[in-house]
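Position 148 of the sequence shown, counting from 1, maps to 148 under this note's numbering, and the rest follow consecutively.
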Amino acid sequence: MYGASDDHNHVYLKENTVVLKASRINWDEGKSTANPHPVIHYHSGAIHSKQTFTINDEFPNYEIKGEFMVPTNGGTWPAFWLNGAWTWPPEIDIVEFKGNNVNWFNTFRTSSDVSTRKDTISNPGAWHEYRVWITKVDNTNMDIHFYIDGEWKAKHTANHVGKPFHLIMNLQMEGSSGGNGPSGDTYYRGRKIYVGRSHEW
């Protein structure tokens, strides 16, 4: 990822739409600091929520949704997801495409204990709504319900009660989506992004 709060070359708003842009670079910036340390070929953008979200006794239900136009070229890796604010995991992937038209709903309980639902999306470059409804089951577990365009797709259960999350929208390139990414600019768009919670009275 690249940029800062005052750098809008790769993260900007246009007509009530959040736009992330990835651009291929033609100079040597070395390798990523993250495993497996791939060579840096792109500048791109990411947005992380300032506030954290925690499912607990006070707020046992959360709804998170948005409409997204995703790139699906080989080497593109757009995502909209919840990541542990203090540790990893927890992780809940709401949007994740890896260089094709398949969306991955993932819930990581540990690095090896993962629930996954894959859905082939017709015309993912058009607007589609992706949504989760998260509800507290007991003092340890929550249920995560996944939806696409209002249609229920899957339920995962995870031991994430009481663990704070950040919400992230980002556009990674290559990596898990394969090498040989696009030579030109790549765009990932989001709108009507919503986070709501209900209070337990």
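Beta carbons: idealized from backbone N, C-alpha and C, even for Gly.
Predicted, not measured: the structure shown is a model, and the values here were computed from it.
Listed in chain order, the non-local C-beta contacts of His156 below 7 angstroms within the same chain comprise Thr107, Ser115, Ile144, local neighbours out to five positions each way being set aside. Between Thr87 and Pro164, the C-beta spacing is not below 7 angstroms. Linking Thr17 to His166 through their CA atoms gives a straight-line distance of about 20 angstroms. Under a 10 Å Cβ-count criterion, Tyr188 is classified as buried, with 16 or more other Cβ atoms of the shown protein chains found around its own Cβ.
Sequence-distant Cβ neighbours of His37 in its own chain, meaning closer than 8 angstroms and more than five residues away, are Lys31.
Ile134 sits close to Tyr62, with the two beta carbons spaced by under 7 angstroms. Put simply, of Ile121, Lys50, Arg24, Thr52 the residue whose alpha carbon is nearest the alpha carbon of Val39 is Arg24. Taking a C-beta distance under 7 angstroms as the contact criterion, Thr76 and Val102 do not qualify as a contact pair. The residue from Ser112, Ser49, Met69 with its alpha-carbon nearest to that of Ala85 is Ser49. For Ser115, the enclosing beta strand (DSSP E) begins and ends at 114-120. Cβ contact annotation for Tyr194 (same chain, cutoff 6 angstroms, sequence separation greater than five): Lys65, in chain order. Excluding five sequence positions before and after Gly125, the CB atoms of its chain that fall closer than 6 angstroms to its own CB belong to Met69, given in chain order. Between the beta-carbon of Ala154 and that of Arg117 there is about 4 angstroms, and that keeps the pair under the 8 angstroms contact cut.
Counting every other CB atom within 10 Å of its CB across the protein chains shown gives Trp152 a total below 16, marking it as exposed. The alpha-carbon of Asn180 is positioned some 27 angstroms away from that of Ser111. Within the same chain, Phe105, Arg117, Val132, Lys153, Ala154 come within 7 angstroms of Phe146 by CB-CB distance, once the 5 residues on both sides are set aside. Assignment of Gly84 by DSSP, reduced to helix, strand and coil, places it in the strand class. Rounded to whole angstroms, the separation of the alpha carbons of Ile94 and Arg109 is 15 angstroms. Apart from the 5 residues on each side of it in sequence, Gly175 sits with its Cβ closer than 7 angstroms to the Cβ of Pro38, Trp77 in its chain, given in chain order. Counting only the Cα atoms, His41 lies some 14 angstroms from Ala34.
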